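Sequential numbering from 148 applies to the sequence shown in my numbering. Don't be surprised by glycine CBs; every beta carbon is placed ideally from N, CA and C. Predicted model only: the values in this text are computed from it and were never measured. Accompanying notes for the structure given below.
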Amino acid sequence: QCRVKYEKKITSDLKGNCKPFYAYLRSKKILKECVGSLSRPDGSLTKDAGSTTEVLADAFSSVFTDEPSGPLLEDCYNTVYDSCISDINITFSEVEYELKRIDIGKSQGPDKVHPKLLKSLSGSFSFVTSITQLFKKCAETGKIPEMWKEAT
Numbered sequence: 148q149c150r151v152k153y154e155k156k157i158t159s160d161l162k163g164n165c166k167p168f169y170a171y172l173r174s175k176k177i178l179k180e181c182v183g184s185l186s187r188p189d190g191s192l193t194k195d196a197g198s199t200t201e202v203l204a205d206a207f208s209s210v211f212t213d214e215p216s217g218p219l220l221e222d223c224y225n226t227v228y229d230s231c232i233s234d235i236n237i238t239f240s241e242v243e244y245e246l247k248r249i250d251i252g253k254s255q256g257p258d259k260v261h262p263k264l265l266k267s268l269s270g271s272f273s274f275v276t277s278i279t280q281l282f283k284k285c286a287e288t289g290k291i292p293e294m295w296k297e298a299t
C-alpha cells in the first residue's frame with residue numbers, strides 16, 4: 148500500500164518535476180553485470196572481457212559505413228549565401244521570450260549546455276543581451292558555429 152501511495156505521489160507531478168519518476172524507474176531496472184562469451188568467426192568462444200570487446204567491436208564496425216551528407220551535392224552544404232539571414236531583426240525581447248519557453252525536460256545538445264540552465268538564465272539581463280548579440284552577429288556574417296550544425 149505504501150508503494151502504491153508513493154507511485155501516485157511521483158506521477159501526480161510528472162509534468163512539473165519528472166526526476167523522481169525516472170529515479171524510481173532506474174531503481175527498478177535490472178542490469179546484467181557483464182556480457183557472456185561470444186563466438187568468434189573461427190567458432191571458438193571468448194574467455195575474457197578483452198576478447199569479447201574485440202569481437203563486439205569487429206561486429207559493429209562491419210555494419211557501419213560512411214554515408215553521403217545528404218541528397219544534394221556536397222558543394223550545396225558548404226556554400227554561404229550572404230543575403231540569406233542578414234535581413235532578420237533579432238530583438239532582446241524575442242530572445243528572452245524563447246529562452247523562457249525552453250522545455251527543461253529535453254536533454255542537452257552537443258554543446259553540453261542543459262536546457263534548465265538556459266531557462267534559468269533567461270532572467271539575467273546580461274546573459275540575454277550576450278545571446279542576442281551572438282545571434283545578431285551570426286545573422287550579419289551569415290555564419291554560425293560548427294557545433295550548432297550537429298544534431299543530437
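If you draw a straight line from the Cα of Asp258 to the Cα of Lys162, it is about 25 Å long. For Val275, same chain residues with a beta-carbon under 7 Å away, outside a window of 5 residues either side, are Phe239, Val242, Glu243, Leu246, Ser269 in chain order. For the pair Leu172 and Cys165, the Cα-to-Cα distance works out to about 11 Å. Residue environment for Ile278: buried (at least 16 other C-beta atoms within 10 angstroms of its C-beta). Rounded to the nearest angstrom, the gap between the Cα atoms of Asn236 and Lys283 is 8 Å. For Ser174, the closest alpha carbon among the candidates Gly252, Glu154, Leu281, Leu185 is that of Glu154. Secondary structure note for Pro167: its alpha helix (DSSP H) is the uninterrupted segment 166–175.
Checking the DSSP bridge columns, you'll see Leu192 partnered with Ser186.
Judged by DSSP in its simplified three-state form, Ser254 adopts coil rather than helix or strand.
Val210 sits away from Thr199, with the two beta carbons spaced by 8 Å or more. According to the DSSP assignment, Arg150 belongs to the alpha helix (DSSP H) that extends over 149–159.
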